[in-house]
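These notes are about the structure you will find just below.
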Amino acid sequence: TNNSKWLPQGPAGAKFADSYFHIPLKYRKMATDLFKEYGVTACFSGHFHQNVRAKSSWGMDMIVTGPLSMTLASTVQNELSDEPNVVGMRVVDVFEDHFQHEYVPLDGDWTQVAVDDGG
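In our numbering, the protein residues as written are 64 to 182.
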């Protein structure tokens, strides 16, 4: 999905006003500049109460995982992610040359989550 309407392109989060985040813009920009300089390919975070997937202007995946407690409804949820807006967790497999991730809702039999061994 194209999330550029909701999540600014360029250094991730660098265009939001200081009042939106607890971390001032100059420090957010410092971090995203380092991500770009060192070729970080993904940034995982949480505490947004929704699942969000986007890319920075240089191609870094930005993946926000919703909470284990309560999700919040949004009129733009379908534009932020095609994942369900339900309580769950994200399983991430990291390999030498790539990563993959899957959001797993916890409203079913989540004990059957398959973890890829890279083979």
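Beta carbons: idealized from backbone N, C-alpha and C, even for Gly.
Could you give the uninterrupted runs of the alpha helix (DSSP H) lying entirely in the segment 105-150, keeping only those of 4 residues or more? 140-143
Just verifying my parser: in three-state terms, what is the DSSP assignment at Tyr101? coil
I need the straight-line Cα distance from Met133 to Lys92, nearest angstrom please. 30 angstroms
Would you call Ser108 buried or exposed, if buried means 16 or more other Cβ atoms sit within 10 Å of its Cβ? exposed
Given this structure, state the Cα-to-Cα distance separating Pro168 from Thr138, to the nearest angstrom. 20 angstroms
Use the C-beta contact count for Leu143: other C-beta atoms within 10 angstroms, 16 or more gives buried, fewer gives exposed. buried
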